[in-house]
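Data first, discussion second: the structure below is written as structure tokens.
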Amino acid sequence: MNILGIETSCDETAAAIVKDGREVVSSVVHTQIPLHQPYGGVVPEIASRAHVEKIDHVIKAALVEKVDAVAVTYGPGLSPALIVGLNAAKGLAKSLNVPLIAINHIEAHLHTPFLFDAGTQETPPPEECLPALGLVISGGHTTWYNLQDYGSYSIIGQTLDDAAGEAFDKAAKLLGLGYPGGPVIDKVSRQYIQENPNSNLIQFPKGRPRANVASLSGLDADYCVSFSGLKTALLRYVQSQGGVEVLKEQSEIPRIITSYQEAIVQSVADRTLNALSGSNYKSLIIGGGVSLNSRLREVLSEVANKTNVKLMVAKPKYCGDNAAMIAGLAFYRRNITGEEAMSIDVSPSLCSCS
Ligand code: KG4
Ligand code: ZN
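Heads up: the sequence shown at position 228 corresponds to 272 in the numbering used here, and the numbers run straight through without jumps.
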């Protein structure tokens with residue numbers, strides 16, 4: 045069964061065909077990053093306009109085979125961006141006379157490790173990996189899920205404030221490293237550690253929330269993170285050293301961002317270890333743009349080894365937003381279809397476990 049997926053929740057216009065939920069037949073992603081770069085973040089109106097300009101072209105490029113259904117992200121995401129994809133999907137499903145399937149973007153990120161390209165070796169199927177601990181770590185989310193089954197998700201932990209990707213992006217903005225911050229921080233840190241393996245890193249806070257605070261919303265503090273203190277600690281450190289320009293002259297930026305990245309990675313690894321310890325999980329499934337981070341992959345792979353679970357990460361091209369994850373998940377999860385899907389509206393703050 046071929047499903048065409050469409051994704052426009054943020055700053056990527058994407059379409060893809062996936063066969064039987066896992067084999068990627070085509071995947072086209074048009075990124076708007078250069079349009080948002082001057083603003084240091086995604087501007088919803090610019091995103092919406094760019095989606096409108098590109099969507100027809102992207103769908104046409106992905107539509108290389110006959111499809112049996114159309115799947116589309118209906119939330120969470122930016123409302124003016126989501127609307128473009130949803131409307132295009134409704135029109136296409138109607139004109140092709142195939143069912144429409146509305147998909148939750150966050151849930152789709154957790155499907156990415158199960159995708160493989162046509163003609164390449166298959167990855168293990170979800171059935172073999174469940175129950176699993178899921179971690180979606182992106183520019184908008186840092187959330188841990190208990191996945192007992194496809195369709196049976198519950199949130200066990202999350203960030204109380206900024207997402208990990210946001211923490212990377214804000215630090216990069218403060219230090220004048222451009223947008224998005226994650227890739228440049230990853231690259232500079234890798235080089236810094238290679239050249240300075242015994243470097244004395246700055247000890248930034250490891251994002252541990254206090255137990256029983258209201259913002260935990262009943263979740264266990266052991267499985268939650270908070271990055272707002274880390275951001276403030278970075279700002280204070282920079283100010284105490286005389287500001288960004290002084291630090292640049294002293295070539296101190298690489299050591300600072302390596303330390304900052306290490307604080308994010310260690311806090312995520314610590315909460316993941318807590319969640320895996322003593323559980324019945326068979327695997328740790330990771331999705332989202334920050335799962336590209338090389339240091340995070342290295343440390344989480346150690347955590348998975350230690351707790352004897354299989355680490356499932358996507359190919360780099362499926363870590364960020366894409367439509368193959370939408371088309372793939374739709375094969376397994378058809379919770380909103382038929383007339384209900386045709387009349388559905390976007391759900392910008394859709395709960396990630398619905
Ligand atoms: O999943 P994604 O493409 O979009 C959503 O937020 O849904 O994630 C984008 C985020 C950005 O914050 C970006 O800085 C971060 O992923 N990112 C990384 C890396 N590549 C992208 N963060 C850390 N290391 C990376 N290599
Ligand atoms: Zn995403």
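Don't be surprised by glycine CBs; every beta carbon is placed ideally from N, CA and C.
So the beta strand (DSSP E) residue 149 belongs to, where does it begin and stop?
Numbered from its first residue, the sequence shown carries residue 149 at position 105. Segment 149-153 is the alpha helix (DSSP H) holding residue 149; no beta strand (DSSP E) there.
Mapping the DSSP letters down to three states, classify residue 135 as helix, strand or coil.
The count along the sequence shown starts at 1 and reaches residue 135 at position 91. Helix, per DSSP.
How is residue 163 classed by DSSP in three states: helix, strand or coil?
As a first step, residue 163 must be located in the sequence shown, where it is residue number 119. DSSP places residue 163 in coil when its eight states are reduced to three.
Nearest-angstrom Cβ-Cβ length linking residue 175 and residue 158, presumed shorter than 8 angstroms
Residue mapping note: residue 175 aligns to position 131 of the sequence shown, counting from 1. Residue mapping note: residue 158 aligns to position 114 of the sequence shown, counting from 1. In fact, because the Cβ distance is near 15 angstroms, the residues do not count as touching under 8 angstroms.
Would the beta-carbon of residue 449 be found less than 6 angstroms away from any heavy atom of the ligand KG4?
Since the first residue of the chain shown is 45 and the last is 398, residue 449 is not available in this structure.
Is residue 336 near the ligand KG4, going by C-beta to nearest heavy atom under 6 angstroms?
For the purposes of this step, residue 336 is taken as the residue at position 292 of the sequence shown. Yes; taking the cut-off as 6 angstroms, the Cβ of residue 336 has a heavy atom of the ligand KG4 nearer than that.
For residue 57, which residues in the same chain have their Cβ closer than 6 angstroms to its Cβ, ignoring the five residues on either side in sequence?
Here residue 57 corresponds to residue number 13 of the sequence shown, with the count starting at 1. The residues are 74, 95, 98, 99 and 102.
Outcome for residue 268 when other beta-carbon atoms lying within 10 angstroms are tallied against a minimum of 16
For this step, residue 268 is matched to residue 224 along the sequence shown. With 16 or more Cβ atoms within 10 Å of its Cβ, residue 268 is classed as buried.
So is residue 201 buried or exposed if we call it buried at 16+ other beta carbons inside 10 Å?
The count along the sequence shown starts at 1 and reaches residue 201 at position 157. Buried, by the Cβ-count rule.
Which word fits residue 46, buried or exposed, when buried means at least 16 other C-beta atoms lie within 10 angstroms of its C-beta?
Here residue 46 is taken as the residue at index 2 of the sequence shown, counted from 1. Result: buried.
For residue 63, which three-state DSSP category applies?
Within the sequence shown, numbered from 1, the residue matching residue 63 stands at position 19. Strand.
When you measure from the CB of residue 49 to every non-hydrogen atom of the ligand KG4, does any distance come out below 6 angstroms?
Position 5 of the sequence shown, counted from the start, is the residue given in the question as residue 49. For the ligand KG4, not one heavy atom lies less than 6 angstroms from the Cβ of residue 49.
To the nearest angstrom, report how far apart residue 214 and residue 263 are at their CA atoms.
For this step, residue 214 is matched to residue 170 along the sequence shown. For this step, residue 263 is matched to residue 219 along the sequence shown. So the alpha carbons of these two residues sit roughly 26 angstroms apart.
DSSP state of residue 247, grouped into three classes?
For the purposes of this step, residue 247 is taken as the residue at position 203 of the sequence shown. Coil.
Cβ of residue 374 within 7 angstroms of Cβ of residue 145?
Here the question's residue 374 lines up with position 330 in the sequence shown. Here the question's residue 145 lines up with position 101 in the sequence shown. Yes.
Span separating the alpha-carbon of residue 234 from that of residue 283:
The residue you call residue 234 lines up with position 190 of the sequence shown. The residue you call residue 283 lines up with position 239 of the sequence shown. Near 25 angstroms, if we compare the C-alpha coordinates of residue 283 and residue 234.
Rounded to the nearest angstrom, what separates residue 70 and residue 108 at their Cα positions?
Locating residue 70 in the sequence shown gives position 26, counting from the first residue. Locating residue 108 in the sequence shown gives position 64, counting from the first residue. For residue 70 and residue 108, the distance between alpha carbons rounds to 7 angstroms.
May I ask you to verify whether the segment 202-211 touches the segment 360-370, counting CB pairs closer than 8 angstroms and requiring at least 3?
no
Taking only heavy atoms of the ligand ZN into account, decide whether any of them is closer than 6 angstroms to the Cβ of residue 182.
Working through the sequence shown from its first residue, we reach residue 182 at position 138. Correct: residue 182 has its Cβ closer than 6 angstroms to the ligand ZN.
For residue 340, which residues from the same chain have a beta carbon less than 7 angstroms from its beta carbon, with the 5 sequence-adjacent residues on both sides left out?
As a working mapping, residue 340 is identified with position 296 in the sequence shown. For residue 340, where only same-chain residues beyond five positions count, the Cβ hits under 7 angstroms are 309, 312 and 334.
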